[in-house]
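Asker:
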Amino acid sequence: MDLWVVILVGVLALIAGVALGFFIARQYMMSYLKKNPPINEQMLRTMMMQMGQKPSQKKVNQMMKAMNNRIK
């Protein structure tokens, strides 16, 4: 009987560790992406120019605002 208890506690500890690790990693990545967004205005201007569009400041601001709203 003692072996089953040890195995059960081990499995429960493993499951709890995996769940806790997932949520900690998720929270860390969300805060990292909020502080360091994957795209900035210069990158957006370059992409628009490559697509053949003339990037006005108004368009760039609109797209940055849309991306920031989507992140939140």
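Using my numbering, the letters of the sequence shown map in sequence onto residues -2 to 69.
Each residue gets a CB set at the ideal place from its N, CA and C atoms; glycine is no exception.
The model shown is predicted, which means the values in this text are computed figures rather than measured ones.
Could you name the residues of the same chain whose beta carbon sits closer than 7 Å to that of asparagine 66, not counting the 5 residues immediately before and after it, in chain order?
Answerer: none
Asker: Flag this pair as yes or no: are the beta carbons of proline 52 and methionine 61 separated by less than 8 Å?
Answerer: no
Asker: Excluding the five sequence neighbours on either side, which residues of its own chain have a C-beta within less than 8 Å of the C-beta of isoleucine 21, listed in chain order?
Answerer: none
Asker: Taking the C-alpha atoms as reference points, what is the distance between methionine 48 and glutamate 38?
Answerer: 15 Å
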